[in-house]
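Quick mapping for you: the protein sequence lines, in order, are chains A and B. Each residue of the first sequence is one higher than the one before, counting from 6 in this note's numbering. Each residue of the second sequence is one higher than the one before, counting from 24 in this note's numbering.
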Amino acid sequence: MGWGGKMKEKFLEIVHESGNLNSKLFSLSRIKILWALSELGEDGATARQIKNGLNIGSDGSTYSNLNALVEMGYLRMEKVRFESKENLELYVITPAGLEEWNKIKNWFDMLVCEGE
Amino acid sequence: MYVRANKMGDWEKAIAVFEEMEFPLDCDEFEDKIIGQKTICLLQLKGMNLNYPFGMYVRGSYSPAFTKDYYDHRQEFKNLSSGASLSDKEKVMVKTLDNLFRKNAPLLEIGATYAYIIKNTNSSPVEAFRIIKETKGFYRDTQIAKGISKAKEFLFEPTEKDLEWLKNETGPLQQASIKSMRH
């Protein structure tokens, strides 16, 4: 099989695999949030750490993305105490979120390998 | 001979550190985990051998391997029971850190992240300060200044040359101050 054949085969595979992804996740902010939280397990991160650490933008943009991910079942939110007075919002990735993140990563891998 | 490529973190020694600080780490408490993570990070940067790999994450300097250990050994971390002990030099190091930061989570988060950036990336102090302001901007400016100052005090001991420079810089001011008190 020539180069054209391999390319076509990979093309079909990539298109086919994209059907298994949740297209609502394809925003830069949502991908950055899933990536960052996938490495923190049960410890998670607070909304303000996510907003500032990932350079997401406004509070509104941060919360709308975090809430969307919670609604999709990919994150869970809990309130935690800090400096004995504050109640911070902590976000933790769920098993479903981790699974979805791995699907996205694998798909990106396919894209990168296809280009090499 | 078989040599392990990646040595495991020394969780028993980490507990001995917290025992010295009288700090039972409860992994269900968000603040405890910040204090624990940043304490271990700063001690390693100072040279204590605990074998935990740290990196930069959205939480600042952080070790997933250490996280795994305090979840796997949650009772031991909470009860401060490990049987390990520290050398006298290590005990002094822990006490010095604890006296400086006094288990203050924001100062530890700022200080450990700043120190990690300086020691592990090629960032200048100005650049490291900019990164802290950006990523930890939810803390007050006074907290950021204090956290960085304490990290510097803990990690960067002044050399003879620094002390001599300081003496020359502050000497005239001290003399003037003494003179003014005489009048």
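Even glycine gets a Cβ: it sits at the ideal position worked out from N, Cα and C. In this text the structure is predicted, and so the values were computed from the model without any measurement.
On a Cα-Cα basis, can you pick out the residue from the options that is closest to residue i?
i	options	result
residue 110 of chain A	A:26, A:14, A:66, A:17	A:26
residue 61 of chain B	B:137, B:72, B:51	B:137
residue 69 of chain A	A:86, A:43, A:85, A:38	A:38
residue 47 of chain A	B:85, B:54, B:91, B:45	B:91
residue 109 of chain B	B:178, B:41, B:179, B:199	B:41
residue 168 of chain B	B:104, B:86, B:88, B:135	B:135
residue 49 of chain A	B:123, B:58, B:82, B:67	B:82
Using the rule of at least 16 other Cβ atoms within 10 Å of the residue's Cβ for burial, across every protein chain shown, is residue i buried or exposed?
i	result
residue 50 of chain B	buried
residue 34 of chain A	buried
residue 131 of chain B	buried
residue 6 of chain A	Low confidence applies here, because residue 6 of chain A scores a pLDDT of 48, under 50, leaving its location unreliable; read the following figure in that light. Residue 6 of chain A is exposed by the Cβ-count criterion.
residue 26 of chain B	With a pLDDT of only 39 at residue 26 of chain B, under the threshold of 50, the placement of this residue in the model should not be trusted; the figure read from the coordinates follows. Exposed: under 16 other Cβ atoms inside 10 Å.
residue 70 of chain B	exposed
residue 39 of chain B	buried
residue 188 of chain B	exposed
residue 114 of chain A	exposed
residue 174 of chain B	buried
For residue i, go through chain A and note every residue whose CB falls closer than 8 Å to its CB, in chain order.
i	result
residue 160 of chain B	57
residue 41 of chain B	Within 8 Å Cβ-Cβ: nothing; residue 41 of chain B doesn't reach chain A, min ~17 Å.
residue 128 of chain B	87, 88
residue 216 of chain B	The displayed coordinates of chain B run from 24 to 206. Any statement about residue 216 of chain B would go beyond what the structure contains.
residue 75 of chain B	In chain order: nothing, as chain A lies at least about 14 Å away.
Against residue i, what residues of chain B qualify as contacts under a CB-to-CB distance less than 8 Å, listed in chain order?
i	result
residue 53 of chain A	161
residue 41 of chain A	80, 81
Going along chain B in order, which residues have a C-beta closer than 9 Å to the C-beta of residue i?
i	result
residue 71 of chain A	By Cβ distance, chain B contributes nothing, its closest Cβ being about 13 Å from residue 71 of chain A, past 9 Å.
residue 95 of chain A	53
Name, please, each residue of chain A whose Cβ falls closer than 9 Å to the Cβ of residue i.
i	result
residue 176 of chain B	Per Cβ cutoff of 9 Å: no residues; residue 176 of chain B is ~22 Å from chain A at best.
residue 87 of chain B	44, 45, 46, 48
Kindly list, in the order they appear in chain A, the residues whose Cβ is closer than 7 Å to that of residue i.
i	result
residue 94 of chain B	47
residue 56 of chain B	48
- Could you please tell me which residues of the region 104 to 121 of chain A, in chain order, have their CB closer than 9 Å to any CB of chain B? none
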